Amino acid sequence: MSAPAQPVVELSDAVAVLGGFPVLAGATLTVDSGEIVLLHGPNGAGKTSLLRLCAGLLPLERGEGRVFGLDLTSQQVAIRPRVGLLGHHNGLYRDLTVAQNVRFWGATVGATDAEIDAAMERLGVRGRLADVGVARLSAGQKRRTALACLVARRAELWLLDEPHAGLDAAGRDELDDTLREAAAAGATIVVSSHEHERAAALATRQVGVVGGQVAA
Amino acid sequence: MNRWSIARLVAAKDLRIERRSKVLTNQVIPFAGVTMVIFAFALDAKSARTDDGFVPLLELVAPGLVWLAALFSLLLLVQRAFAIEADDGALDALRVAGVDPVAIFWGKSAALAVQLAVLDMVLLGAAVLLYGADVPAGGLVLLVVTLVVATCGLACVGTLYGGLTAGFSGRETLLPLLVLPVVAPVLIGATRAVESALGTGGVALSEGWPWIGLLTVFAIAFGVGGALAFGPLIDEAT
Amino acid sequence: MTTTTPAPATTPTRTRGTGTTATRLLGIATVVMLGWLVAFGLGFSPADRDQDEAVRIMYVHVPTVWVAYVALGVTALCSALYLFTKKHSLGFDRFAGASAEIAVVFMALTLVSGMLWGKITWGVYWAWDARLTSFALLFISTIGYLAVRSLGGSHQQRAKRSAIVGLLVVLEIPLVHWSVRLWNSLHQEPSVLDTDGDVSIEGLMLFSLFVGVIAFTLLYVWLLLHRTRSMAMADLLDDVGLDQALADRRAEGASS
Amino acid sequence: MIATIIIGMDNAFEILGSYVITFAVIGGFTWRVLRQGRRLADQVDDDQKYWT
């Protein structure tokens, strides 16, 4: 493996604060293009915050951070369209159907109908599920719909927070396949998971997070 | 994707959600209707003396009550418009995706304006039915123009402050505190304009048009100001 | 990358309050001027030809209005300075916040003394006078601004959010004033006087008013300085708490 | 003697009331500002107070 010219994520001594509490206390992390990085660590270690910082949802209080070589604080606007976050929330509109949700997110980047159909196909939400309201979906189906939205809006860096949570065994297998496919197609993935063995098999690298810092 | 088409996309999305969830038709409009009825209880069926002799009090104050009910309903609609974004983290997702905030503002304002316009018409209908207000043919143009311009202004203010308070605890109480003083000019202007359009209490039609100027300036000021302010307000990270 | 709590060799003193020699002198001058204001306003200055004794309320009313507007102006100016300067200095934000707090207090006083004046002059406390009504709406909006300040988040988040809301309040002022003016012109003007309360004032009366404006302006500056310093300390304590929490958080990482 | 003049004047209630309310509120606010400053100053080192 040759080292890529430009790391996708570069955090150096990053501090982020939420409600006066330093959720990140000097995290340093580099993620190269095409990697699938697994974040593991105890609850409250700062995994979610690390993902939210990279997604631009948490301001960088101290330290430095770059995503795609762009500064996290001053060049946020250029970073955002290329990043997708799937957190504890799915970011779906519960009153719309699966297809309407995916279409909406795809349309924000001007995706064609064919691309949107392909995204739904890949996540297995195209046929019968497509016209079901999101409110009536199971947790796993919602997760798949949310991933379809990420695919539809062509995110290059996927930040996934506990994506396995709430999925059944088949759903988890499908998810892993999807992530491998996405990585093969050029996406960079940072994923946090409690499903350690499963995620370890998936990941190209594991990183421990503890006390708001990245373990060496 | 340019700003205009994203705004249209957001507006279409909000209206589609309303069509599927029917919060406006099943909850907000009934609320507005009940408000109109209880106004009548509060004011009683008394008459007031005007230059034209005795006029039922309710007919005299009907335009004001219509807009007052519209303001209260506006608060509900704004809460709803941002609840759908905040419920499952969609607002966060929009921010992560870097969707142009100006487009979000215009899109959500437009969707809110459409819903408000429907509500206004229902309220006017209620005023005609319940309060005995009547709409002369000559005032129809003024009435429609007032309705459109006032609604645009209200929708812009509502979207702006709805976005500001979305996601904070205590937003239900903060929103009225911020919105009501700001929309006072709309309440005043739209009420007087509708009074002229309906000829309430013998107000001449020509007296209504200066108010349209006020309402237009208001709508433009908050349309532009809101578009500028909305992005930085909903985006906490930069 | 270990704990870096700044540990000075000697224990620093914590005795100094928010006052300095300058603010103490300012405070003394304020108290003296306020004393003069009472003496002239209630004692030496004569009753007005038109307003009679009611003019005495003007000696406190006009200075409170003046301070309320100055304070709001400072809030707007500092909000704009915060937003449109590169550095985004929290100093401007604190000036804006402190000034708005003072503005709310003086606006409330303006409304009260205005109503008492109205009771004497118009016979009613509230005459739906254009100036009074738009001032009341502005008062509520300023309270809203303070509520937005207390929403939480980091200092920079608070500063940006409240600066924008501060400027929106300014945008609202002319619209509210215009609409209320136009609305008010439909009603009969209060007949006793011009709504401004402008009367031909001269001599001792003008001097009393002058004393009042000076006294209240000094008071405003004094309050602004003290309040801003308090806010700076509150922000500082938050940051000190953060340093401590950061050290704890890092230790948590090292120990496990 | 000033007191008797004041009490004797027309509308003494409104006039005195406006002075009393104004000065009482200002006094209360000033006291609060000072107390708050004092409380915070006890927790902050002198060399961090930019005005000293």
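Residue numbers (this note's numbering), protein chains in the order written: chain S, 883 to 1098; chain C, 75 to 312; chain R, 461 to 716; chain W, 12 to 63. Where a beta carbon is used, it is the ideal one built from N, C-alpha and C, also for glycine. Please read these numbers as outputs of a predicted model, since none were measured by experiment.
query, result
"Nearest-angstrom Cα separation, counted from PRO941/S out to LEU932/S", "11 Å"
"Within 8 Å of chain R by C-beta, residues of the segment 941-965 of chain S in sequence order", "PRO941, GLU943"
"Alpha-carbon to alpha-carbon, ARG474/R and ASP56/W", "5 Å"
"Residues, ordered as in the chain, of the segment 78-96 of chain C that lie near chain S by beta-carbon distance below 7 Å", "ILE80, LEU83, LYS87, ARG90, ILE91, ARG94, SER95"
"Residue environment, MET195/C, which counts as buried when at least 16 other CB atoms sit within 10 Å", "exposed"
"Contact belief for ALA1034/S with GLU997/S at Cβ below 8 Å, rounded distance in angstroms", "7 Å"
"Sequence-distant residues of its chain with Cβ nearer than 6 Å to GLY1015/S (five each side left out)", "THR979"
"Given LEU193/C as reference, the closest of LEU221/C, ALA155/C, ASP174/C, GLY232/C once Cα atoms are compared", "LEU221/C"
"Contact residues within the segment 633-645 of chain R, judged by C-beta distance below 8 Å to chain C", "LEU635, VAL636, TRP638, SER639, VAL640, LEU642, TRP643"
"Proximity below 8 Å, CB of ILE918/S to CB of VAL1073/S", "yes"
"Bridge partners - PRO904/S, DSSP secondary structure assignment", "VAL899/S"
"Contact belief for THR1070/S with VAL890/S at Cβ below 8 Å, rounded distance in angstroms", "5 Å"
"Beta carbon proximity, LEU679/R to chain C, threshold 8 Å", "no"
"For LEU132/C and ALA116/C, believed in contact at Cβ under 8 Å, the rounded distance", "So it is not a contact: roughly 10 Å between Cβ atoms."
"DSSP three-state assignment for ALA885/S, whether helix, strand or coil", "Since pLDDT at ALA885/S reaches only 49, below the 50 mark, its modelled position is unreliable, and no value is offered."
"For GLN1088/S: DSSP bridge partner residues", "LEU920/S"
"Integer-rounded CB distance, given that LEU288/C should sit under 8 Å from TRP588/R", "That pair is no contact at about 18 Å."
"Start and end residues, alpha helix (DSSP H) containing GLY966/S", "Premise fails: GLY966/S lies in the beta strand (DSSP E), 965-968, not in any alpha helix (DSSP H)."
"Chain A residues whose Cβ lies nearer than 9 Å to that of ARG621/R", "Of the chains in the structure shown, none is chain A; the protein chains are S, C, R and W."
"Contacts of PRO255/C in chain R (Cβ-Cβ under 8 Å)", "LEU597, LEU598, ILE600, SER601, GLY604, GLU632, VAL636"
"Member of PHE292/C, VAL268/C, GLY282/C whose CA lies at the smallest distance from the CA of VAL44/C", "Because chain C in this structure spans residues 75 to 312, residue 44/C falls outside the shown range and cannot be described."
"Residue span of the alpha helix (DSSP H) that contains TRP62/W, given as start and end", "Premise fails: TRP62/W is in no alpha helix (DSSP H) and is neither H nor E."
"C-alpha distance - LEU541/R paired with ASP1050/S, whole-angstrom precision", "55 Å"
"Contacts that LEU628/R makes with chain C (C-beta to C-beta distance below 7 Å)", "GLY299, ALA303"
"Rounded Cβ spacing between ALA184/C and ALA85/C (contact assumed at less than 8 Å)", "4 Å"
"Beta strand (DSSP E) segment containing PRO130/C, residue limits", "127-130"
"Residue-chain proximity (ASP553/R, chain S), Cβ-Cβ < 8 Å", "no"
"Beta carbon proximity, ALA907/S to chain R, threshold 8 Å", "yes"
"Minimum Cβ-Cβ distance from ARG154/C to chain S less than 8 Å", "no"
"Residue of VAL991/S, ALA1030/S, GLU1044/S minimising C-alpha distance to GLU1063/S", "ALA1030/S"
"Chain S contact residues for ASP161/C, given Cβ-Cβ distances below 7 Å", "ARG976"
"Under 8 Å between C-beta atoms of GLY973/S and ASP162/C", "yes"
"Where GLY923/S falls, given that 16 or more other Cβ within 10 Å makes a residue buried", "buried"
"Cβ neighbour criterion (16 or more within 10 Å) applied to GLY969/S", "buried"
"Contact with chain S by PHE268/C, beta-carbon distance below 8 Å", "Here residue 268/C turns out to be Val, not Phe, going by the sequence shown. Answer no: the Cβ-Cβ gap between VAL268/C and chain S never drops below 8 Å."
"Residue-chain proximity (GLY263/C, chain R), Cβ-Cβ < 8 Å", "yes"
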